[in-house]
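Residue numbers (the working numbering): 26 to 331.
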Amino acid sequence: MSISNPSLPLPLTKGGKAEENYVGRFAPSPTGPLHFGSLITAVASYCDARAHQGKWLVRIEDTDIPRIYPGSEEHILRAMDAFGFDPNAEIIFQKDRLDIYEGVIEQLRHQGLVYACQCTRKMLGSNHIYQGTCRDLNLPFEHQAIRLKVEDIEICFDDPLQGRHCSNLKQDLGDFVLKRRDGIINYQLAVVVDDYLQGMTHVVRGADLLDNTERQIYLGQLLGYPRLQYMHLPLAMNDQGQKLSKQNLAQALDLTQAPQLLQQALTALHQPDVELDTPERMLKQAVAQWNIKQIPHTTELQGHYL
Ligand code: GLU
């Protein structure tokens, strides 16, 4: 199957200036229940989209089946309701779209841009930059990892909060994996393909993903997709100086406390106060007052969160 297959969904927005057709999203991975850090991302991506009269979508990034935490997809969906978030389209699940990603790998294969790799983690050892060992081995694609060939060029983007960020993928990372040996489609591929197919123009997400952005820009360029605008938010940290995450035992959002938590998320983003009310009305006020200039231009928020 190829990406030009007419049965594939087409991007919602085409042409025009990004600002005129803003489409943003919240794309959680269901590796645990949502925590306060996820709420900050949801609130910021929602307010930024709606403040631009844009659309806001939700996508569940669940290709990494072994890492799915039981019940977390339901928690995410219940949280969307409890916090009054109303996406502009039906929520999509990446695990239902695996044939689309396989089609894109096929397309890249025809273009000679990917190759099969038999290197195991053990073989690579502590070397974090892949040296291209399998590039010219012409291995069959079945039951092997699939890597994307990268070039020796610098990729840069300008982030309104984090400034200019650049990487030479060849020197910093080497050819990277799009599909794992166990058949799991890598996040880097799925995110780029879906951001394009859903017509995304803007990505607002946590600063922990800053270092992924050049890879995603590079892959998007190879596929001929339009460039997105990226904004990376400062992260909420716990009292150990770690970012909130399931691994670090971040508390699941208490959905019965939605108005109070919304207020706290807006305060963490240095936005003006909103009156305690229904989540829907609070979000409306937050959108009307939204000002990204107030968000700290750092990768970590000050203070500690649970
Ligand atoms: N699914 C990713 C996560 O939960 C976010 C992906 C993105 O926003 O690009 O960390």
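Here a beta-carbon is modelled for each residue, glycine too, at the ideal position from N, C-alpha and C. Owing to the predicted nature of the structure, the values given are computational and were not obtained by experimental measurement.
Residue range of the alpha helix (DSSP H) that includes residue i
i	result
Ala293	283-293
Gln254	Taken as a continuous stretch (DSSP letters only), Gln254 belongs to no alpha helix (DSSP H), being part of the beta strand (DSSP E) at 254-258.
Asp106	97-107
Asp206	In the sequence on display, residue 206 carries Arg and not Asp. That residue, Arg206, is in no alpha helix (DSSP H); it is neither H nor E in DSSP.
Tyr71	61-76
Glu127	123-135
Glu86	Unbroken run through Glu86: none, as it is neither H nor E.
Tyr250	No alpha helix (DSSP H) holds Tyr250; DSSP gives it neither H nor E.
Arg306	304-314
Asp197	194-197
8 Å CB neighbourhood of residue i in its chain, flanking five on each side removed
i	result
Val139	Ile130, Leu133, Ile171, Arg172, Leu173, Lys174, Leu203
Leu123	Thr88, Ile210
Pro284	Leu301, Asp302, Thr303, Pro304, Met307
Thr38	Bear in mind that the predicted position of Thr38 carries a pLDDT of just 43, short of 50, making it unreliable; the figure below should be weighed with that in mind. Closer than 8 Å at Cβ, skipping near neighbours: Asn46, Val48, Gly224, Thr226.
Leu198	His153, Ile154, Tyr155, Val175, Ser192, Arg240
Through-space distance from residue j to residue i, alpha-carbon basis
i	j	result
Glu239	Arg84	21 Å
Leu35	Asp298	Reliability of the predicted coordinates at Leu35 is poor, the pLDDT of 47 falling under 50, and the value obtained from them is presented with this limitation in mind. Their Cα atoms are separated by approximately 39 Å.
Arg189	Ala232	13 Å
Ala74	Met148	44 Å
Ile28	Tyr330	Its pLDDT being 39, under 50, Ile28 is placed unreliably in this model, and the value from its coordinates should be taken loosely. Approximately 43 Å between the Cα atoms of the pair.
Glu176	Thr292	42 Å
Tyr221	Ala275	31 Å
Leu162	Gln296	54 Å
Ile101	Gln196	38 Å
Ser192	Thr281	43 Å
Gly41	Met256	Because Gly41 carries a pLDDT of 42, less than 50, the predicted location of this residue cannot be relied on, and the following value inherits that uncertainty. The alpha-carbon atoms of Gly41 and Met256 are separated by roughly 20 Å.
Leu194	Pro55	28 Å
Gln319	Asp183	18 Å
Gln66	Leu59	Residue 66 is actually Thr in this sequence, not Gln. C-alpha separation (whole angstroms): 11 Å.
Burial state of residue i (16 or more Cβ within 10 Å)
i	result
Gly266	exposed
Asn316	exposed
Pro165	exposed
His135	exposed
Arg50	buried
Leu278	buried
Ile90	exposed
Gln288	buried
Asp200	buried
Ala313	exposed
His77	buried
Gly57	buried
Cys72	buried
Cys142	buried
Leu326	buried
Contacting residues, own chain, Cβ-Cβ under 7 Å from residue i (five flanking each side not counted)
i	result
Ala69	Val229, Leu258, Leu294
Cys144	Thr158, Cys159
Below-8 Å beta-carbon distance, residue i vs any chain C residue
i	result
Asn237	You won't find chain C in this structure, because it holds only one protein chain.
Contact set for residue i: own chain, Cβ-Cβ below 6 Å, skip 5 residues either direction
i	result
His322	Leu186
Ala52	Arg84, Glu86
Lys80	Val48, Asn113
Asp207	none
Range covered by the beta strand (DSSP E) that runs through residue i
i	result
Asp184	179-184
Leu173	170-173
Arg146	No beta strand (DSSP E) contains Arg146, which is instead part of the alpha helix (DSSP H) from 146-149.
Val48	48-51
Ala141	139-142
Exercise for review: Flag this pair as touching only if the segment 241-248 and the segment 214-225 have three or more C-beta atom pairs under 8 Å; answer yes or no.
Suggested key: yes
Exercise for review: Check whether the segment 304-316 touches the segment 78-96, counting contact only when three or more Cβ pairs, one atom from each stretch, lie closer than 8 Å.
Suggested key: no
Review point. How do the segment 106-118 and the segment 148-158 stand: do at least 3 beta-carbon pairs fall below 8 Å, yes or no?
Key: Between the segment 106-118 and the segment 148-158, the count of Cβ pairs shorter than 8 Å is below three; the stretches do not touch.
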